[in-house]
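Below: one structure, written as C-alpha cells.
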Amino acid sequence: MLSLQEDDVLLDCRAEDWQGALDLAADSLVEAGRATSEYRNGLREREAQSSTYLGNAIAIPHGTPESRDQVLATGVRVLQFPEGVEWHDGNRVHVLVTIAAQSDEHLDILRALTHVLDREGVAQRLANADSRAEIIAQLSKAPVVARVDIDTLCLDFPAKDRFELALAGAARLRQAGCVNGDFVSAIVEQEPVSLGQGLWLASSARGVTTPALSLATPESAFVGPKGAVNGVFCLAAQGDAHLGLLDRLAALLDAGDGEALADADAATVLARLAGERAGAETARARVLNAHGLHARPAKQLVQVARQQGMPIKVRLLEGSAETVSAASLTKVIGLGARRGQTLVFSAEGEGAEDALKAVTAAVGDGLGEKVAAFDERRDVDVADETPAELEPLAADTSHPGVAAAPGLAIAPVFVMRLPRFDYPERARDLGGERGGDATVQKERLARALQEATDQLEALIRRAQGGEVAQILSMHEEMLEDPELREAAHEGIDDGLSAEAGWWQSIDTAARAQEMLADRLLAERAADLRDVGRRVLGLLCGVEMPTPPDEPYILVTEDVGPSDVARLDTAKVRGLLTARGGATSHSAILARALGIAAVVGAGERIMTLENGSDLILDGERGRVIPAPSKERRERAELRLKENEARQRAAYAARFEEGRTRDGHRVEVAANLGNTAHTADAVEHGAEGVGLLRTEFVFMAHADAPDLETQIGEYRQAIDALDGRPLVARTLDVGGDKPLPYWPLPQEDNPFLGLRGIRLALTRPGILETQLRALLTAAGDKPLRIMFPMVKDIAEFRAARAIFERVQQEIQVPDVQLGVMIEIPSCALLAPSLAEEVDFFSIGTNDLTQYTLAIDRGHSELSAQSDGLHPAVLRLIQMTVEAAHAKGKWVGVCGELGSDPQAVPVLVGLGVDELSVSVRQVPMVKARLRELTLEEARRHAELALAQSTSDAVREALEAL
Numbered sequence: 004m005l006s007l008q009e010d011d012v013l014l015d016c017r018a019e020d021w022q023g024a025l026d027l028a029a030d031s032l033v034e035a036g037r038a039t040s041e042y043r044n045g046l047r048e049r050e051a052q053s054s055t056y057l058g059n060a061i062a063i064p065h066g067t068p069e070s071r072d073q074v075l076a077t078g079v080r081v082l083q084f085p086e087g088v089e090w091h092d093g094n095r096v097h098v099l100v101t102i103a104a105q106s107d108e109h110l111d112i113l114r115a116l117t118h119v120l121d122r123e124g125v126a127q128r129l130a131n132a133d134s135r136a137e138i139i140a141q142l143s144k145a146p147v148v149a150r151v152d153i154d155t156l157c158l159d160f161p162a163k164d165r166f167e168l169a170l171a172g173a174a175r176l177r178q179a180g181c182v183n184g185d186f187v188s189a190i191v192e193q194e195p196v197s198l199g200q201g202l203w204l205a206s207s208a209r210g211v212t213t214p215a216l217s218l219a220t221p222e223s224a225f226v227g228p229k230g231a232v233n234g235v236f237c238l239a240a241q242g243d244a245h246l247g248l249l250d251r252l253a254a255l256l257d258a259g260d261g262e263a264l265a266d267a268d269a270a271t272v273l274a275r276l277a278g279e280r281a282g283a284e285t286a287r288a289r290v291l292n293a294h295g296l297h298a299r300p301a302k303q304l305v306q307v308a309r310q311q312g313m314p315i316k317v318r319l320l321e322g323s324a325e326t327v328s329a330a331s332l333t334k335v336i337g338l339g340a341r342r343g344q345t346l347v348f349s350a351e352g353e354g355a356e357d358a359l360k361a362v363t364a365a366v367g368d369g370l371g372e373k374v375a376a377f378d379e380r381r382d383v384d385v386a387d388e389t390p391a392e393l394e395p396l397a398a399d400t401s402h403p404g405v406a407a408a409p410g411l412a413i414a415p416v417f418v419m420r421l422p423r424f425d426y427p428e429r430a431r432d433l434g435g436e437r438g439g440d441a442t443v444q445k446e447r448l449a450r451a452l453q454e455a456t457d458q459l460e461a462l463i464r465r466a467q468g469g470e471v472a473q474i475l476s477m478h479e480e481m482l483e484d485p486e487l488r489e490a491a492h493e494g495i496d497d498g499l500s501a502e503a504g505w506w507q508s509i510d511t512a513a514r515a516q517e518m519l520a521d522r523l524l525a526e527r528a529a530d531l532r533d534v535g536r537r538v539l540g541l542l543c544g545v546e547m548p549t550p551p552d553e554p555y556i557l558v559t560e561d562v563g564p565s566d567v568a569r570l571d572t573a574k575v576r577g578l579l580t581a582r583g584g585a586t587s588h589s590a591i592l593a594r595a596l597g598i599a600a601v602v603g604a605g606e607r608i609m610t611l612e613n614g615s616d617l618i619l620d621g622e623r624g625r626v627i628p629a630p631s632k633e634r635r636e637r638a639e640l641r642l643k644e645n646e647a648r649q650r651a652a653y654a655a656r657f658e659e660g661r662t663r664d665g666h667r668v669e670v671a672a673n674l675g676n677t678a679h680t681a682d683a684v685e686h687g688a689e690g691v692g693l694l695r696t697e698f699v700f701m702a703h704a705d706a707p708d709l710e711t712q713i714g715e716y717r718q719a720i721d722a723l724d725g726r727p728l729v730a731r732t733l734d735v736g737g738d739k740p741l742p743y744w745p746l747p748q749e750d751n752p753f754l755g756l757r758g759i760r761l762a763l764t765r766p767g768i769l770e771t772q773l774r775a776l777l778t779a780a781g782d783k784p785l786r787i788m789f790p791m792v793k794d795i796a797e798f799r800a801a802r803a804i805f806e807r808v809q810q811e812i813q814v815p816d817v818q819l820g821v822m823i824e825i826p827s828c829a830l831l832a833p834s835l836a837e838e839v840d841f842f843s844i845g846t847n848d849l850t851q852y853t854l855a856i857d858r859g860h861s862e863l864s865a866q867s868d869g870l871h872p873a874v875l876r877l878i879q880m881t882v883e884a885a886h887a888k889g890k891w892v893g894v895c896g897e898l899g900s901d902p903q904a905v906p907v908l909v910g911l912g913v914d915e916l917s918v919s920v921r922q923v924p925m926v927k928a929r930l931r932e933l934t935l936e937e938a939r940r941h942a943e944l945a946l947a948q949s950t951s952d953a954v955r956e957a958l959e960a961l
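In the working numbering, each residue's number is its place in the sequence shown (first place is 1) plus 3.
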C-alpha cells in the first residue's frame, strides 16, 4: 500500500480555482519524477467523470486508467491550501492527496482516508497545520475499532453457571488476540452483573489490546441462583472505543431480543448485535467489482439507496457486526468490501422488500462497472479475475517493473498461464481409472508422488549444481515430507479424491507459512504450491503449456523453480513476471542462468498476446510491448552494441581489473557452490570474493564433519590456483534453518538469531569450519569473514576461536574480516578497522536494514536501491575508516555489478568488486571505460542527492 512521507507534503499552496490547484498537483508529480506532464490531462478527465472530493476538506485527484501510461513511478503528493479552494462540485478543499498510480494503489489510500472524514474539526486542523508531520498525522491517525465478529463468539458452551460462561468468553477474546492473561484473571475475580432478559455482563479494561465484545451462550438456557441465564457478554473495555458496543447491547435489550440469543446461531447473533431487528427484511449481495467498493461503485450504491425513500442499513457479512447507513458514502467506502465478499442489507416497513431488491440488483449489475461472475470452483490457478478485466498495456510505451537480471531482450512473447486443474471434490464422483475407494486414491497419490520425484531428480541432474539444483532439491525434500502425505491421507479417508486431498494438504501448509509474514517463508509457500501443482498435474493428466520453438520472452504471473529448470536457455531471451521481487526465486534463477529479467511488473502484463513483440530491459526494469519500427531499430542497435561489448569484454576477461588510468580494482566472483570455481576462473575472476559456505551444511542431514568440509573448500582453493578465496562462515538462521540445528520460531528472523550470533551459540561447529578452511588453504591465500557482525564484541568472540585454531595450523597467508551488513557495523567501522584485516560490504542486506525495506517485498522492493544516498554514505564511512588503517574494502552485493553503481563505488574508494560469474567480464570492461577522477565525480554527484531516484537520474545525465 502507498504510504505518506514528509517529502510528499507541500505546505502553504495557493490557487485561484480548482483547475489551478489541479495543475499544481500535476506539476508536483512531474517534479518528483512520478509522472509525465501529460498526466495532468488524466487528472482533468477523472474530474470530468466525477468529483474526487471525499469530505472534510479532502480531495484525492488521480488519473484515469488510460492515463496510467503517463505514470513513471507510483507515488503520492499532498498539497495543503490554507486559504482553501472551491472545488467544481461546490465543496471547499484544503488538502489534495494527489496520486500517480500504475495500478489501483489509490484504492487503498481511499479506504485509509475514510476514517478521517467523520472526525470533527479535521478540516480546520488541516488548514491550520504548519508542519508536514502534522498533516501526515491528521491523515494517518486511524481510530481504534472495537471487535465483535464470529471469532469472538462462543456459542453452545457446556457451562454449569454464568461464571464458567464469563470465563469462556474471556478465553475466546484471548484466542482472538484482543486481550492477554491479565484480562482473563480480572474476569475470574468478578461476578457478572444482570442486564435482564437472561443476559449478563462481565467487563474489564485490564490486559486489553483491542476493545472487543464476546458472547458465550450455554448448550441450553438454565436458571441459576440469581435468575435465568441465556448468555454472558464479556466486554474488553479501552478508552471510549468500546462505548459503541455498549450502545449496541442497549439497543438489543430495548428491542426485547435478548432471550432469543440463547438458541441463536452465529449469523443471527451478529445480525441482532448489528442492529437488525428480528422483524426486519434482509437481503444479501456479493460484491463482483474487480476492485471492491471503491469510490465510483460506492457512490452508485449510495445513490440507489437514497432513491428508495427509506433507511437502508448495510454490513459486511465477513467483517465486524456493525451496520452503517447505505446512504452514507464515507460509511460505505469504510466497509472496505472486496470482490467476493457479501453485503447484508436490512430495512423495515412497507416497501422494504422492494427496496432491498433494488439495491441488491444494483450490486449484482456491477454498480456502473463491468463485472464478471465470482468463480467458486476449486481451481488452482492463482486469481479469480481474468485478464479480460485488466486494462491492456499500451503499445510502444515503456512500462515499469523491478529490474531483476541484467540484459536486453527483443523477441515475441510467450504468455504462460497456469492451467486449471478440474477435478471432483469427492472420490465417489471420479470415473474410469481414476475412480475407487480411499485405498485406490492413496495408491494413485503414491504413484504421482513417485513420478514427481523421478522428474525432479532428472531435472536436478540436468541442472548440474548451482541455484537451480539447490532449489529443486528442496522441492524433492518437500515431496518426502510425511506431514504433507499424512494430511492428504486424512482428507482421502474423509472421502476426498486424491486430487482434492493432496491440494488441501498443500494449500493448508502454504497458507500457514504465508500467515507468518516473513519473506523467505512466503517464498517457501510459493515453492510448496509449485510442488503441489506438479503432483496435481500428474493426477489430473494436465501438462504445462508448451513454449514455441523459436526464441521468445516468457511472460507469466510468477515462475517456479521447476518452470525455470525446464527452460531452454538457448530459446528464452527474457523473463517477465507479474509478481515477485528482486530476491524472489524467479529473479535469483534468472540471474544464475544469465536470462534478462523484469519482475513485479503487475497483472496487466498477462494481457499481452502470444507472439506479439516485446522489448525487455533487465537493467532498467522496463518493458515496451509492440514497439514501433523506429524504437525496435534503436533497441536492436543497442542490443548489437551490447553483444559487441560483451564479446570484447569476454575476449579481455583475463586482464587485471583497472580503470583507464591504471587504478587497480580487483574483480572477483560470488559463489554459492565450490563446483563453479573453475567456471569463475574461466570468466576472468581474479579470485572468489564471496563463498557462501552454508551450501556445505545444507547438503547434509547432519553437520558435515571436518574431512567433508576440507574436501569441499580444497576444491575451490585448488581451482583458484593461487588466487585468493574469501569465505564467509556459516550464515543461517530462523529464515533458513538447518534440519539438525533446531531454532525457536522468531517473529522476525532477519532481526534474530542468525549469522555470527547463531554460530557463537554452537562454537564447536564454528571451530570445525575454521579448522577445515585453514587446513584446506595450505599455503594459498585465504580470507575469512564473519557475517551479520554488529560491533567489535562479536568480532572478538569469533576471532578468539579463529586464533586458537590458527595457532595450531599456522597458515601463512590468511586474513580475518567482517561483512558490513548492519548499519551499526558501518557506523562503528573506525573501531573495527583497528582490529580486522578487511571489510566486505554486503550491499543487499545493508540496503535492506538501512532503508527498513524488505528487498523481496512485492510492492516495495523497487525502492530497496543500494544507490540510496544513505547507503552510499555508510559505504563511504566504511572505506575511509579502513583506508585510514591500511585495510582494504570489497563489495559483494548486487550493487557491485550495477553499471551505474560501478563508477560510484570506485569513486568512493572500494578496492574489490565481487559479482556473479557471468558479470565478471562486463564489470572489468566498465572499469576500463573510467578514470579514477571520473569515478570520483560520479561518487560526489551521487552523495549530493537526496533519494535513490535522484541519484540514478543525476548519473544518467552524466
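Cβ coordinates follow ideal geometry from the N, Cα and C atoms, glycine included.
Could you give the first and the last residue of the continuous beta strand (DSSP E) run that contains Y426?
Premise fails: Y426 is in no beta strand (DSSP E) and is neither H nor E.
Considering just the uninterrupted stretch of the beta strand (DSSP E) at R287, what are its terminal residues?
284-289
Rounded separation between A189 and A173 - CA only:
9 Å
Near R765, what residues of its chain come up, given a Cβ to Cβ distance below 8 Å and the 5 sequence neighbours on each side ignored?
W744
Test item: CB-CB of R209 and F186 under 8 Å:
yes
In terms of alpha-carbon separation, which member of M822, A397, L835, S500 lies closest to D440?
S500
Check whether Q83 and H65 have beta carbons under 8 Å apart:
no
S917 beta carbon less than 8 Å from that of G687
no
Could you give the C-beta distance for A652 and P924, rounded to a whole number, given that I count them as a contact under 8 Å?
4 Å
Which same chain residues, not among the five before or five after I61, have their C-beta less than 6 Å away from its C-beta?
V98
If we count Cβ pairs, one from each stretch, closer than 8 Å, do we get three or more for the segment 904-923 versus the segment 933-952?
yes
Which one or two residues does DSSP pair with F236 in a beta bridge?
L204, L218
Going by DSSP, which residues form a beta bridge with V545?
Answer is none; V545 lacks a bridge partner.
Can you name the start and end residues of the beta strand (DSSP E) that D721 belongs to?
From DSSP, D721 is part of no beta strand (DSSP E) but of the alpha helix (DSSP H) over 709-723.
Using the C-alpha atoms, what's the distance from A491 back to E446?
12 Å
Determine the burial state of K229: buried for a count of at least 16 other Cβ atoms within 10 Å of its Cβ, exposed for fewer.
exposed
Work out the CA separation of L756 and F700 for me, nearest whole Å.
17 Å
If you follow the alpha helix (DSSP H) that K360 is part of, which residue opens it and which one closes it?
355-367
Taking the alpha-carbon of A329 as reference, which of Q344, Q303, R661 has the nearest alpha-carbon?
Q303
Counting C-beta neighbours from all protein chains within 10 Å, is the total for R380 16 or more, i.e. buried, or is it exposed?
Caution is warranted here: a pLDDT of 36 is assigned to R380, below 50, making its placement in the model unreliable, and the coordinate value is therefore given only provisionally. So R380 ends up on the exposed side.
At a cut of 8 Å, does the segment 834-852 reach the segment 877-896 through at least three beta carbon pairs?
yes
What does a CB cutoff of less than 8 Å around G32 pick up in its chain, not counting 5 residues either side in sequence?
This sequence places Leu at residue 32; Gly is not what is there. Here the set comprises A38, Y42, G78, R80, T101, A103.
Taking buried to mean at least 16 other C-beta atoms within 10 Å of its own C-beta, is S951 buried or exposed?
buried
Following the continuous alpha helix (DSSP H) through I812, name the residue where it begins and the one where it ends.
795-812
For A267, does the three-state DSSP call read helix, strand or coil?
coil
For L359, the nearest candidate out of K163, V317, A397 (CA to CA)
V317
Once you ignore the five residues that flank E48 on each side, which residues in its own chain have a CB closer than 8 Å to its CB?
G66, T67, E69, S70
Please classify K927 as buried or exposed, where buried requires at least 16 neighbouring CB atoms within 10 angstroms.
buried
Short check: CB of S508 to CB of L487, under 8 Å?
yes
Starting from S188, follow the alpha helix (DSSP H) in both directions and report where the run begins and ends.
184-191
Would you mind stating whether L849 and R955 have Cβ atoms separated by less than 8 Å?
no
Three-way DSSP call (helix, strand, coil) for R635 in this model
helix
What ranges does the beta strand (DSSP E) occupy inside the segment 825-893, keeping only unbroken runs of at least 3 residues that lie completely in it?
841-844
How should S631 be labelled, buried or exposed, when 16 other C-beta atoms within 10 angstroms of its C-beta is the threshold for buried?
exposed
Continuous beta strand (DSSP E) assignments of at least 3 residues falling wholly in the segment 602-666
616-620, 625-628
Burial state of T853 (16 or more Cβ within 10 Å)
buried
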